[in-house]
């Protein structure tokens, strides 16, 4: 079974600063994917970034980067140059890289960007 | 390219009724998954369909069922509604199951049970 732990229920960050959202995971699968999603108050889930367990380089997508430490089983999301529109709930999720997989989500972290 | 479309956006039902939710995936996507989101349980996987076949199922009672049509559109049905079924139901699609492809979500259907 897979498990995702997000230990920060809420975070504050000053506009234009960087912020790191923590995510640790547990799985017995050797091959898996890690995902981050953003959920604004309106409810839709927005895909941000993906990291495969065999990827040696950390994933980056614009202002988002994923700090992947496989030995520690952590996949922290780093948001650089925070904007007011980044205020939302952020979910870390994982799934094994095999057919018919499903996403397992963490409890989420609420991020509030201050002006 | 249009995103995942879920209808209706909001729904109010009473206990004992049944409900059907609809999901149209992104064009070309053949895999559709459903998730339930509640404040207490968070996001939980319901089921995934690919080529009209259920490929995976979460730990939900048989009152929750789904199907997928030949055009990849999917419906989810909940029978004998209970108060605890009040939730945001999210549908997600991707081109095929497996691999590292991200699932792209719709805006959800918010179901309230009175």
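Residue numbers (my numbering), protein chains in the order written: chain A, 263 to 377; chain B, 766 to 879.
Using N, Cα and C, we set each Cβ at its ideal position, and we do this for glycine too.
Quick caveat: nothing in here was measured; it's all calculated off a predicted structure.
Exercise. So what's residue 288/A in DSSP terms, helix, strand or just coil?
Worked result: In the first chain, the residue the question calls residue 288/A occupies position 26. Under the three-state reduction of DSSP, residue 288/A is assigned to strand.
For this session: Give the DSSP-derived three-state secondary structure of residue 365/A in the structure shown.
Result: For the purposes of this step, residue 365/A is taken as the residue at position 103 of the first chain. Taken through DSSP and simplified to helix, strand or coil, residue 365/A comes out as coil.
Exercise. Since residue 307/A contacts residue 870/B with CB under 8 Å, what's their CB separation in whole angstroms?
Worked result: Working through the first chain from its first residue, we reach residue 307/A at position 45. Working through the second chain from its first residue, we reach residue 870/B at position 105. With 8 Å as the limit, residue 307/A and residue 870/B qualify as a contact, their Cβ atoms being about 4 Å apart.
For this session: Inspect the beta-carbon positions of residue 843/B and residue 834/B and report whether they are closer than 8 Å.
Result: Position 78 of the second chain holds residue 843/B. Position 69 of the second chain holds residue 834/B. Not in contact: residue 843/B and residue 834/B (Cβ atoms no closer than 8 Å).
Exercise. Using 8 Å as the limit for Cβ to Cβ distance, is residue 272/A near chain B?
Worked result: Numbered from 1 along the first chain, position 10 holds the residue referred to as residue 272/A. It does not; no Cβ of chain B falls within 8 Å.
Exercise. Considering only residues of the same chain and omitting the five flanking positions on each side of residue 777/B, which have a CB-CB separation below 6 Å?
Worked result: Here residue 777/B corresponds to residue number 12 of the second chain, with the count starting at 1. Result list for residue 777/B: 877, in chain order.
Problem set entry | Other residues of its chain near residue 266/A: CB distance less than 7 Å, five sequence neighbours each side excluded | Within the first chain, residue 266/A is the residue found at index 4, counting from 1. For residue 266/A, where only same-chain residues beyond five positions count, the Cβ hits under 7 Å are 285, 287, 354, 355, 356, 366, 367, 368.
Problem set entry | Host beta strand (DSSP E) of residue 456/A (start-end) | Chain A is shown from 263 up to 377; residue 456/A falls before or after that span and cannot be answered.
Exercise. For residue 363/A, is the classification buried or exposed, using 16 other Cβ atoms within 10 angstroms of its Cβ as the cut-off for buried?
Worked result: Position 101 of the first chain holds residue 363/A. When all chains shown are included, residue 363/A counts as buried.
For this session: Would you kindly work out how many angstroms separate the C-alpha atoms of residue 375/A and residue 818/B, rounded to a whole number?
Result: For the purposes of this step, residue 375/A is identified with residue 113 of the first chain, where counting begins at 1. For the purposes of this step, residue 818/B is identified with residue 53 of the second chain, where counting begins at 1. Residue 375/A and residue 818/B: Cα-Cα distance of roughly 43 Å.
Problem set entry | Identified DSSP bridge partners for residue 320/A | What you label residue 320/A is simply residue 58 of the first chain in a count that begins at 1. The secondary-structure analysis by DSSP pairs residue 320/A with nothing; it has no beta-bridge partner.
Problem set entry | 7 Å Cβ cut-off: residues of chain A touching residue 868/B | For the purposes of this step, residue 868/B is taken as residue 103 along the second chain, with counting starting at 1. By Cβ distance, chain A contributes 365.
For this session: Identify the contact partners of residue 307/A in chain B, using a Cβ-Cβ distance below 7 Å as the criterion.
Result: Numbered from its first residue, the first chain carries residue 307/A at position 45. Simply 855, 870.
Exercise. DSSP state of residue 272/A, grouped into three classes?
Worked result: As a first step, residue 272/A must be located in the first chain, where it is residue number 10. The three-state secondary structure of residue 272/A, taken from DSSP, is strand.
Exercise. When burial is assigned at 16 or more other CB atoms within 10 Å of the CB, is residue 837/B buried or exposed?
Worked result: One-based indexing of the second chain puts residue 837/B at position 72. Residue 837/B is classed as buried because its beta carbon has at least 16 other beta carbons within 10 Å across all chains shown.
Problem set entry | Residue environment, residue 346/A, which counts as buried when at least 16 other CB atoms sit within 10 Å | Residue 346/A sits at position 84 when you count from the first residue of the first chain. With fewer than 16 other Cβ atoms within 10 Å, it is exposed.
Exercise. Alpha carbon to alpha carbon, what distance is there between residue 822/B and residue 779/B?
Worked result: For this step, residue 779/B is matched to residue 14 along the second chain. For this step, residue 822/B is matched to residue 57 along the second chain. Near 26 Å, if we compare the C-alpha coordinates of residue 822/B and residue 779/B.
Exercise. In three-state terms, what does DSSP make of residue 879/B?
Worked result: Against the second chain, residue 879/B aligns to sequence position 114. Three-state DSSP puts residue 879/B in coil, outside helix and strand.
Exercise. Is the shortest distance between the beta-carbon of residue 858/B and the beta-carbons of chain A less than 8 Å?
Worked result: By 1-based counting over the second chain, the position of residue 858/B is 93. By this cut-off, residue 858/B is not an interface position.
For this session: Could you check what DSSP says for residue 786/B in three-state terms: helix, strand or coil?
Result: Here residue 786/B is taken as the residue at index 21 of the second chain, counted from 1. DSSP places residue 786/B in the strand class (E or B) of the three-state scheme.
For this session: Thinking residue 773/B and residue 874/B are a contact (beta carbons under 8 Å), I'd like their distance in whole angstroms, please.
Result: Here residue 773/B refers to the residue found at position 8 when the second chain is read from its first residue. Here residue 874/B refers to the residue found at position 109 when the second chain is read from its first residue. Indeed they touch by this definition, with Cβ atoms about 6 Å apart.
Problem set entry | chain A residues whose Cβ lies nearer than 9 Å to that of residue 823/B | Stepping through the second chain from its first residue, residue 823/B is reached at position 58. Per Cβ cutoff of 9 Å: 364.
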